[in-house]
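The next block holds one structure in the form of structure tokens; read it before the comments.
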Amino acid sequence: MPTYSYEAMDHTGREVKDTINASTQEEAQQLIRQKGFFVTKISERSEKKAKKTAAKKKGGKKGKKKSFTIGKISTKQLCTFTRQLSTLQDAGLPILRSLRILEGQCKPGVLKNALSEVVEDIESGQTLSEAFAKHPKAFDKLYCNMIKAGEAGGALEAILQRLADFKEKSQTLKRRIKSAMVYPIVVIFVACVIVGFILYFIIPKFEAIFDDFGVPLPAMTVFLIEASHFLIKYFYIVFLTPLFIWIFLKLLYRNKTGAYVCDRILLMIPVMGQIVEKSTVARTMRTLGTLVQSGVPILESLSIVKETAGNAVFERAFTRIYDSIREGESISQPLRESRVVDDIVVNMIDVGEETGDLDTMLNKIADNYEEEVEALVDSLVSLLEPIMIVTLGGIVGFIVIALFLPLVTLITKLSG
């Protein structure tokens, strides 16, 4: 009879780790529940797997050649892989054959290397979720837990389809936000390059002319010349300043208090703060709804959502919700107290808990907020266009006037 290792919580919230003998994983979970424990993690302990792996290594079987890789796989690549795997499973192909087909199609990289090892692990007797969990650079915690829930419920095909839909919707939202911000970023970058060129090359030539003729300079021209001197003398500081700011923010975000303060300030910025808030709500609600719908335990789901929130303010809110659920309370009350979401979100979650249709309500909230994010992004771009035109026009006008005033004085002096 197989032996299962499990992690669970008792009625007080204390974590329990132990083993249990059962014929199947479902039977093991039932026996654990009969003890009054809430299962959070369970896996089979099999000596056969270890023996097979050891025999494989001892036999001197040559492993597949792997390419050198750095970093993680892209979200787009993971979306494509998930959709293809879902399609192959719907067609009735065995999981091992499906993975081999997809491995053969992959270009050399992190995903191909991971799939090669996943195939070997499944051949040695491991489950798909266990094999995926060994490759966090390719398959995150959310991905592995949903696969695990699909295996436990015997609905892997449906879970893969749901996971593919979830990944594609998240990718679509990110792509729309990024594409909308390309135009203002490019305009600002080009404007900075042009202004820098004028200050570095053009202003010194005008300064030499003014010095030769001894023209008295107004305050605007003096300021412009001083800015040119600073850029020429400390040009490396100007180029390194964005890097220093980026490093400073990275270090600040390593500290929980610093990350919370920065994210709180970010949420207070007009328009931009609303985009961050609503996109975070849409992402977290979509994640939680997908996990609950897939049968992942609520505590495990909240733990995953907390880790993938991407905002310290929301992480703190979900930590309170997690503690509230452990004490037997609801999701809506601590979410209302955190004041990070609108009342409509809290009310919809409250209705979902009352009716037992929480996953549907969460996905509905995500749909509504994704639409609002798209509208806000369009509004931000529309707002940025006139602001950029006025700002750039003001900078160009300042430079022209600052150079024109001494020229008028010089022309008057020469004609007089």
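Using the working numbering, the first residue of the sequence shown is number -12, and each one after it goes up by one.
Positions of the beta carbon are idealized from the N, C-alpha and C atoms, including for glycine.
These numbers were taken from a predicted model, which means no experiment stands behind them.
{"Query": "Within 8 Å, strictly: CB atoms of Ser258 and Leu80", "Result": "Sequence inspection shows Val at residue 258; the Ser mentioned does not correspond to that position. The answer is no: Cβ separation not under 8 Å."}
{"Query": "Within-8 Å CB hit, Leu143 to chain C", "Result": "You won't find chain C in this structure, because it holds only one protein chain."}
{"Query": "Classification of Ala299 by the beta-carbon crowding that lies within 10 angstroms, buried from 16 upward", "Result": "buried"}
{"Query": "Under the three-state DSSP convention, the category Tyr221 falls into", "Result": "coil"}
{"Query": "Rounded C-alpha distance that separates Lys28 from Glu(-6)", "Result": "5 Å"}
{"Query": "Proximal residues to Cys70 (C-beta, below 6 Å), its chain only, five neighbours per side dropped", "Result": "Strictly speaking, residue 70 in this sequence is Arg, with Cys absent from that position. Contacts found: Ala151."}
{"Query": "Cutoff 6 Å; reference Phe367; Cβ partners in own chain excluding five residues on either side", "Result": "Note that residue 367 corresponds to Leu in the displayed sequence, not to Phe. Closer than 6 Å at Cβ, skipping near neighbours: Val258."}
{"Query": "Separation of Asp329 from Arg303, as counted between CA atoms", "Result": "17 Å"}
{"Query": "Ile29 in three-state terms, based on DSSP", "Result": "strand"}
{"Query": "Exposed unless 16 or more other CB atoms sit within 10 angstroms - verdict on Pro191", "Result": "exposed"}
{"Query": "Secondary structure of Glu13, DSSP reduced to three states", "Result": "helix"}
{"Query": "Residue burial classification, Arg273 (beta-carbon count within 10 angstroms, cutoff 16)", "Result": "buried"}
{"Query": "Collapsed DSSP secondary structure at Asp337 in the structure displayed", "Result": "helix"}
{"Query": "Closest Cα partner of Arg251 within the set Cys93, Ile134, Phe301, Arg241", "Result": "Phe301"}
{"Query": "Residues near Lys49 by beta carbon distance below 7 Å, same chain, minus five either side", "Result": "No answer about Lys49 holds up, because its pLDDT of 46 lies below 50 and its placement is not dependable."}
{"Query": "Beta-carbon gap between Leu204 and Phe197 smaller than 8 Å", "Result": "yes"}
{"Query": "Gln280 burial status per 10 Å Cβ neighbour count (16 or more: buried)", "Result": "buried"}
{"Query": "Three-way DSSP call (helix, strand, coil) for Ala78 in this model", "Result": "coil"}
{"Query": "Inter-stretch contact (C-beta, 8 Å, three-pair minimum) for the segment 371 to 384 and the segment 282 to 293", "Result": "no"}
{"Query": "Neighbourhood of Ile262 by C-beta, 7 Å cutoff - its chain only, sequence neighbours within 5 removed", "Result": "Val360, Leu363, Val364, Leu367"}
{"Query": "Gln113 versus Val3: straight-line alpha-carbon distance, rounded", "Result": "24 Å"}
{"Query": "Coil, strand or helix - Ser317 by DSSP", "Result": "coil"}
{"Query": "Pair within 8 Å by beta-carbon distance, Val332 and Val268", "Result": "yes"}
{"Query": "Of the listed residues Arg307, Arg313, Glu314, Gly315, nearest to Val327 (C-alpha basis)", "Result": "Arg307"}
{"Query": "Sub-8 Å separation of Ala139 and His122 beta-carbons", "Result": "no"}
{"Query": "Start-to-end residues for the alpha helix (DSSP H) that takes in Thr267", "Result": "259 to 280"}
{"Query": "Sub-8 Å separation of Thr295 and Leu86 beta-carbons", "Result": "no"}
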